[in-house]
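Here is the structure we will look at, set down as structure tokens.
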């Protein structure tokens, strides 16, 4: 994980994830979910390793819906990434009959004088985001980012997962 990608969030991107990651158990705020969607959209289809994704804090804040009221912008982004380092995700690897407990990001490095943050995804997520050949779903970032609740994003992803089949039964328990 040595390459640094300097980026600016854009809604034109696609987000591709393994279906186990879509169906995983986790709780995130809307801002946390939007940061992750942006990070996932930066992963190329041929990437073999995670990169360090560097972005202007002001661009990231605008993208996830944080306004610069009272000069709290940097602190709010730092709080969101701090929570992402601690938030747990439970992934079921059905084929191996294994549950993996992981966090979302490994680190967030702030370059305060430059107004930049550099974020690294947690290595445990690699099999669910890199070199995907089957059992994956792609969603348009612009639709997911435009949603106003974490539940709407989850339902959108679950439905997109079964778009080619035509129907899916989703229970309330599945959404929790």
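In my numbering, the protein residues as written are 867 to 1042. Cβ coordinates follow ideal geometry from the N, Cα and C atoms, glycine included.
A residue is called buried once 16 or more other Cβ atoms fall within 10 Å of its Cβ, and residue 1017, having fewer, is exposed. One thing to note: residue 887 has its Cβ no nearer than 8 Å to the Cβ of residue 1009. DSSP links residue 933 through a beta bridge to no other residue. The DSSP-derived three-state label of residue 951 is helix. Counting the other Cβ atoms within 10 Å of the Cβ of residue 1039 gives fewer than 16, which makes it exposed.
DSSP places residue 1002 within a strand segment (E or B) once states are collapsed to three. Scanning its chain for C-beta atoms nearer than 6 Å, with the 5 sequence neighbours on each side dropped, one finds around residue 927 the residues 939 and 943, in chain order.
Taking a contact to require three or more Cβ pairs closer than 8 Å, the stretch 988 to 1005 and the stretch 904 to 914 qualify as touching. Taking the Cα of residue 951 as reference, the smallest distance to any Cα among 1027, 889 and 893 is reached at 893. Counting only runs of 3 or more residues that sit fully inside the stretch 898 to 932, the beta strand (DSSP E) segments are 918 to 922, in chain order. Taking C-alpha positions only, residue 1020 is separated from residue 873 by approximately 25 Å. For residue 894, there is no enclosing beta strand (DSSP E), as DSSP gives it neither H nor E. Separation of residue 931 and residue 999 (C-alpha to C-alpha, rounded to the nearest whole angstrom) is 33 Å.
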